[in-house]
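When the letters of the sequence shown are read in order and numbered with the numbering used here, they come out as residues 5 to 760. Structure first, then comments.
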Amino acid sequence: MEQPPSPITTDLVLLGGGHSHALVLRRLGMVTLPGVRLTLISDRVNTPYSGMLPAHIAGRYSLDQSHIDLRPLTRFANCRLFLDRVIGVDMERCQVLCAHHPPVTFDVLSIDTGSTPATVAVPGAREYSIPAKPVPELLQGWHHLLEAVRAHPSQSWTLAVVGGGVGGVELVLNMQERLLQQLADLDQPPDHLTLHLFHRGQALAPDRHPCIRHRLGRILQRRGIQVHLGEAVVRLDRPSADGPVDLQGESGRVLRCDRVFWVTRAAAPPWLQGSGLSLDDQGFIQVGDTLQTLSHPNVFATGDVATMVHHPRPKAGVFAVRQGKPLYQNLLRFLQNRPLQPFHPQRQFLTLIDLGYGRTLAARGPWSWESSLCRRWKDHIDQRFMTHLREFPAMAACPPVALSRSPAPPPCSGCGAKVGSDALALALQRARQDFPDFGEGGDDLLVGLESPDDAAVMKVPAGQVMVHTVDFFPALVEDPFLFAQICLKHCLSDLYAMGAQPQSALALVQVPYGTPAKQADTLYALLAGIHHGLLPTGAALVGGHSIQAAQLGLGLACNGVADPDRLLRKGGMGAGDGLILTQPLGTGTLFAADMGGLARGRWIAAAMEQMVQSNQGAAAVLQAHQATACTDVTGFGLIGHLLEMVRASRVSVQLELGSLPVLAGARETLAQGIVSSLQPQNLAAAQAIANRADYEAHPDYPLLFDPQTAGGLLAAIPTAQVADCLQALRAQGYGAATIIGQVTGAASAQPIRIHR
């Protein structure tokens, strides 16, 4: 008999997806830590690699080439990925506080969140400049500028970069390369672009050797970039909305700029203040030689967010990379209760400064060398680093790391598999404290969670009927809070497709083995997700059942009420009705690819945004526009559920294959032949397609059979109502809602035809 996994006893939480943590995750994927649950919290699924960012600005690397994709990396490391923004750390409760997520408990915490630019002190900088960090804001502003240049090819452009460190120098040089190339492509002269670099100090790159500073100055002069040394920017103003920005220097000079990019010294994230962690005068986390904070031995920090008190170094990506291996080793030693090893960063380090135009300056101390060969050398180093974080070894069985814990007894089956009362009581107590209306329903709820009785009791409103549905599946995302919302949306959709309003829900929970405290954490996150999803519906969670198992799973038995005269059925379609699909397709192929580490993180993140969007608003719009039939598109795929409607209504339909809304990345994964394990069974419905032979080679054909989790609604709408219905759906936030076909007439042996 296969042995169950070790019960969860320890939470190791990595805060931020910086370079150090990326390297730690790569190493963690090659070992097994019995009883340790790994979690990465990051506000973005793609982490920019600082070494490639200037070349990405210049257009020599794509976004995917220059960013670390945390999704496949965390899957390789068997690490949960929570996409959220950190707003604080509660050291008394050992919890990370997030903007849109319940607190995340940790036993060991590692912080690698990077820094932010110091813009707050300069009036107008926050409002009118484009900051270098966070990088997504920089790239968004940069791409908007490129679009504006394309839209106004004959316009002259004046741009300013504030900050003369190495980052500012690299940015302005690579911006120049990209923009001059774009102007040339538009048949515009190079003098349509003027670039300024402002620096408050008397020398560029103040943390580099004077020889390097002098050389960078000569390069900027040679490239025609106007450098203003000793000119601190004291104010930014925008005289007219959406107009140019007036940059005011300390000397009183005012320069009118089309864009201002802010690349000044690094500042500490503001949420660190009040955390109780040891901070230096600038607000960065103070760490010792072992990378532990001075205040809390169970908290580590690396990269730009940290300052090594005995070895202060510039805020540069090279140090975050160097800290990856010692951080991994010391985290492991801490979990093993072994002595930690000190890390001593090098005093002098090689800097490869990207000058644009295929040239790089290699510098170490006073020595430097500028060459295209240096560019090739840098490209080799960067590509090797990124390949290391994209391509993972095939591990037949990861060796377990001994953590000096007594083995837990094997779990029982039957009622012995129930989650213990301590974990249940703890999770419910936290939920009631954090959500005062948790478990509360309307006047229909007679006996619910607050009662010790054996079952919930609901009243049936006069003149209405009860509608019941149930669904259950194992977790397809690691975040229990997000998974609960996806599962709830999936389960409630059956009610909305019938024209019913949710009244109550019973939860069926499968919690991974762990200590009562760890199981309570998981249960609480699930309850919080269910509560978050139920709140807009007015329905109540009235009870449930929980068991222990190897894998997280959740199901919901949902009850709704409806007017019997307004029930939506699958059998009401009539000739001429338009077919509207409210949300895009592709979750089956995307999550099949995700299981194999072959899906890009941004594809999965975009899919999950659709998967948590409730069908409640869509159902109301469809009913308001006299829907004649409706269903939710889930496991049987679009064709499978459409065929149920067609047969029940005894009609034929024409489907517009080119009109299908598709999730980002789904076409790419299908082109690789990646499909869900349920896809072959769904293909049986192809027998109902009269002209399938004409379209089986079409790249979108497999989407017709792709099983959906938490998909949208498919409805038949009278012709006169279709346009208004579509407009109303999009106004409600269903931007992908599309007309995908129409009812053509009476039933036939093969009632579905495809049209391109």
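For every residue, glycine included, the Cβ atom is placed at its ideal position computed from N, Cα and C.
{"Check": "Tell me which residue opens and which closes the alpha helix (DSSP H) that C495 is part of.", "Outcome": "484-501"}
{"Check": "Do you know whose CA, among Q159, T632, G20, P248, lies nearest G576's CA?", "Outcome": "T632"}
{"Check": "Quick one: residues in its chain with C-beta nearer than 8 Å to the C-beta of G420, no 5 flanking neighbours on either side, listed in chain order?", "Outcome": "Low confidence applies to G420: its pLDDT is 47, below 50, so where it sits in the model is not reliable, and the reading given next is rough at best. Closer than 8 Å at Cβ, skipping near neighbours: no residue."}
{"Check": "So is Q433 in contact with chain C if we call contact Cβ pairs under 9 Å?", "Outcome": "No chain C is present in this structure, which holds just one protein chain."}
{"Check": "Taking the C-alpha atoms as reference points, what is the distance between Q552 and V515?", "Outcome": "5 Å"}
{"Check": "List the endpoints of the continuous beta strand (DSSP E) containing A460.", "Outcome": "First-last for A460: undefined, no H or E at that position."}
{"Check": "Mind checking who E660 pairs with in its DSSP beta bridge?", "Outcome": "H759"}
{"Check": "Measuring alpha carbon to alpha carbon, tell me which residue in L594, L730, V650 is nearest G677.", "Outcome": "L594"}
{"Check": "If you follow the beta strand (DSSP E) that G580 is part of, which residue opens it and which one closes it?", "Outcome": "That residue, G580, is in no beta strand (DSSP E); it is neither H nor E in DSSP."}
{"Check": "Go ahead and pull the three-state DSSP assignment for N82.", "Outcome": "coil"}
{"Check": "Touching or not, the region 177-185 and the region 267-279, by the rule of three or more beta carbon pairs under 8 Å?", "Outcome": "no"}
{"Check": "Is the beta carbon of S66 sitting closer than 9 Å to the one on H23?", "Outcome": "no"}
{"Check": "Given 8 Å as the limit, is there contact between the region 651-661 and the region 744-756, that is, 3 or more CB pairs closer than that?", "Outcome": "yes"}
{"Check": "Please report the distance separating the alpha-carbon of T723 from that of I643.", "Outcome": "21 Å"}
{"Check": "Which whole runs of the alpha helix (DSSP H) in the region 207-238 are 4 residues long or more, in chain order?", "Outcome": "214-226"}
{"Check": "Where does F439 fall in DSSP's three states?", "Outcome": "coil"}
{"Check": "With 16 other CB atoms within 10 Å as the buried threshold, where does E174 fall?", "Outcome": "buried"}
{"Check": "DSSP three-state label for S10, please.", "Outcome": "coil"}
{"Check": "Just to confirm, are L572 and A751 a CB contact at a threshold of 9 Å?", "Outcome": "no"}
{"Check": "Quick one: what does DSSP say T713 is sitting in, helix, strand or coil?", "Outcome": "coil"}
{"Check": "Can at least three beta-carbon pairs, one atom from the region 507-522 and one from the region 541-555, be found at a separation below 8 Å?", "Outcome": "yes"}
{"Check": "What is the C-beta distance between P484 and L428, in whole angstroms, given that I count them as a contact (C-beta under 8 Å)?", "Outcome": "So it is not a contact: roughly 15 Å between Cβ atoms."}
{"Check": "Assess, as a yes-or-no matter, whether the region 610-628 is touched by the region 694-707 under the definition of 3 or more beta carbon pairs within less than 8 Å.", "Outcome": "no"}
{"Check": "So what does DSSP say about G22, is it helix, strand or coil?", "Outcome": "coil"}
{"Check": "How is G278 classed by DSSP in three states: helix, strand or coil?", "Outcome": "coil"}
{"Check": "Within the region 636-704, note down every full alpha helix (DSSP H) run reaching 4 residues or more, in order along the chain.", "Outcome": "641-653, 670-675, 683-686"}
{"Check": "Closer than 7 Å by C-beta to T306: which residues in its own chain qualify, once you throw out the five before and the five after it? Chain order, please.", "Outcome": "S24, D116, L295, A324, Q327, L331"}
{"Check": "Output the boundary residues of the beta strand (DSSP E) element that contains F347.", "Outcome": "First-last for F347: undefined, no H or E at that position."}
{"Check": "May I ask you to report which of helix, strand or coil DSSP gives A324?", "Outcome": "helix"}
{"Check": "I need the boundaries of the alpha helix (DSSP H) containing Q185, first residue and last residue.", "Outcome": "170-189"}
{"Check": "From A207 to E235, what distance separates their C-alpha atoms?", "Outcome": "11 Å"}
{"Check": "Compute the Euclidean distance between the alpha carbons of V49 and S653, then round it to the nearest angstrom.", "Outcome": "44 Å"}
{"Check": "In this structure, how does DSSP classify M312 when only helix, strand and coil are distinguished?", "Outcome": "strand"}
{"Check": "Please work out which residues of its chain come closer than 6 Å, Cβ to Cβ, to Q186, disregarding the five sequence neighbours upstream and downstream, and give them in chain order.", "Outcome": "V153"}
{"Check": "Using C-beta distances below 7 Å, list every residue in its chain close to H105, excluding the 5 sequence neighbours before and after it, in chain order.", "Outcome": "F86, D88, F485"}
{"Check": "Using CA coordinates, which residue listed in I91, W266, T43 is at the minimum distance from W146?", "Outcome": "W266"}
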